[in-house]
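Participant: Please see the structure below; I have some questions.
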Ligand SMILES: Nc1ncnc2c1ncn2[C@@H]1O[C@H](COP(=O)(O)OP(=O)(O)OP(=O)(O)O)[C@@H](O)[C@H]1O
Ligand SMILES: [Mg+2]
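Take a look at the structure:
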């Protein structure tokens with residue numbers, strides 16, 4: 379039987395008492411690509427942020443029910459949240475770069491998660507930048523501020539930073555929405571190349587992308603989450619065409 383990387387049982391997610399997800403039970407398989415689809419405002423980003431406890435500090439946000447990630451209840455008081463975030467990386471919907479240089483953005487996480495003496499950092503940074511097809515564009519300006527990059531480049535930089543610490547689960551919230559078709563296809567190829575070693579969860583509004591990369595599909599809608607067959611996508615799943 380395939381192992382699950384993530385399992386939700388009777389989960390309710392709410393902001394200030396108002397439910398975004400009322401009751402949801404679903405599973406995400408290990409070492410597979412799962413696409414998350416659903417209308418705008420249905421709770422896709424909220425779901426992803428919950429899985430790596432990124433909403434912890436939002437006043438009024440509440441998670442009820444059981445959320446098991448890599449075998450651990452994410453609200454187990456003995457769970458180390460930094461350790462969780464090393465194992466579960468997230469690329470956000472809006473490109474998120476730190477006010478630092480391009481290279482420092484990529485090595486940022488390594489300082490906390492890898493060997494503290496910085497050994498091998500530049501090699502890891504180069505590899506991660508190559509993985510997201512950014513290396514050739516930035517190799518001559520690694521010390522420039524990251525915010526001088528275009529939106530699409532910033533999105534790939536954020537992805538490189540997340541990949542650099544080699545998370546077991548990679549959560550990606552519309553990672554290609556700011557990219558041109560060629561870069562989007564390159565990121566899709568990267569996603570496919572990662573799936574043997576990683577569990578990938580991808581929010582997308584792009585029907586063709588979901589069909590190209592995902593083996594599993596979950597739909598967030600009407601305050602619940604359900605599994606759908608992925609190939610072909612059912613007509614009830616309405617996504618934006620490319
Ligand atoms: N910090 C917050 N405080 C209060 N409500 C919020 C907060 N963040 C999101 N919401 C609400 O929760 C609901 C789900 O938002 P979410 O961002 O998860 O949707 P989404 O499915 O990712 O949408 P999109 O496809 O537009 O990105 C929306 O009604 C939104 O207004
Ligand atoms: Mg969203």
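Residue numbers (my numbering): 379 to 620. No residue lacks a Cβ here, since even glycine has one placed at the ideal position from N, Cα and C. Note that the structure is predicted; figures quoted are calculated from it, not measured.
Enumerated in chain order, which unbroken segments of the alpha helix (DSSP H) with a length of 4 residues or greater are wholly contained in the segment 432–507?
Facilitator: Within the segment 432–507, the complete alpha helix (DSSP H) runs of at least 4 residues are 459–465, 480–491.
Participant: Tell me the DSSP secondary structure of residue 543 in three-state form.
Facilitator: Three-state DSSP puts residue 543 in coil, outside helix and strand.
Participant: Can you check which of these residues, 569, 381, 416, 409, is closest to residue 336 by C-alpha distance?
Facilitator: This structure cannot speak to residue 336, because the chain is shown only from 379 to 620.
Participant: Any heavy atom of ligand 2 inside 6 Å of the beta-carbon of residue 471?
Facilitator: Flag set: Cβ of residue 471 near ligand 2.
Participant: Would you kindly check if the distance between the Cβ of residue 513 and the Cβ of residue 520 is under 7 Å?
Facilitator: No, they are not a contact pair.
Participant: The alpha helix (DSSP H) spanning residue 516 covers which residue range?
Facilitator: Start and end: 513–516.
Participant: Can you tell me the Cα-Cα spacing of residue 537 and residue 397, whole angstroms?
Facilitator: Using only the alpha carbons, I get a separation of about 30 Å.
Participant: Between the C-alpha atoms of residue 423 and residue 551, what's the straight-line distance to the nearest angstrom?
Facilitator: Looking at the two C-alpha atoms, the distance is approximately 7 Å.
Participant: Can you tell me whether residue 459 is buried or exposed, with buried defined as 16 or more other CB within 10 angstroms of its CB?
Facilitator: Under this definition residue 459 is an exposed residue.
Participant: Pairing CB atoms from the segment 436–443 with CB atoms from the segment 383–393, are three or more of them under 8 Å?
Facilitator: Contact between the segment 436–443 and the segment 383–393 is present, because at least three Cβ pairs lie under 8 Å.
Participant: Nearest to residue 530 by alpha carbon, out of 407, 445, 556, 421?
Facilitator: Ranking the options by Cα distance to residue 530, first place goes to 556.
Participant: Quick one: what's got a C-beta closer than 8 Å to residue 434's C-beta in the same chain, skipping five residues either side?
Facilitator: Only 459 meet the Cβ criterion.
Participant: Here's the rule I'm using: 16 or more other beta-carbon atoms within 10 Å means buried, otherwise exposed. How should residue 600 be labelled?
Facilitator: Residue 600 should be labelled exposed.
Participant: Beta carbon of residue 422: closer than 6 Å to some heavy atom of ligand 2?
Facilitator: True, at least one ligand heavy atom lies under 6 Å from that Cβ.
Participant: Using CA coordinates, which residue listed in 427, 503, 565, 546 is at the minimum distance from residue 533?
Facilitator: With distances taken between Cα atoms, residue 533 lies closest to 565.
Participant: At a threshold of 6 Å, does residue 449 count as lining ligand 1 (C-beta to nearest heavy atom)?
Facilitator: Checking the Cβ of residue 449 against ligand 1 gives no.
Participant: Less than 6 Å between C-beta atoms, sequence neighbours within five positions excluded: which residues of the same chain meet that for residue 562?
Facilitator: Contacts found: 554.
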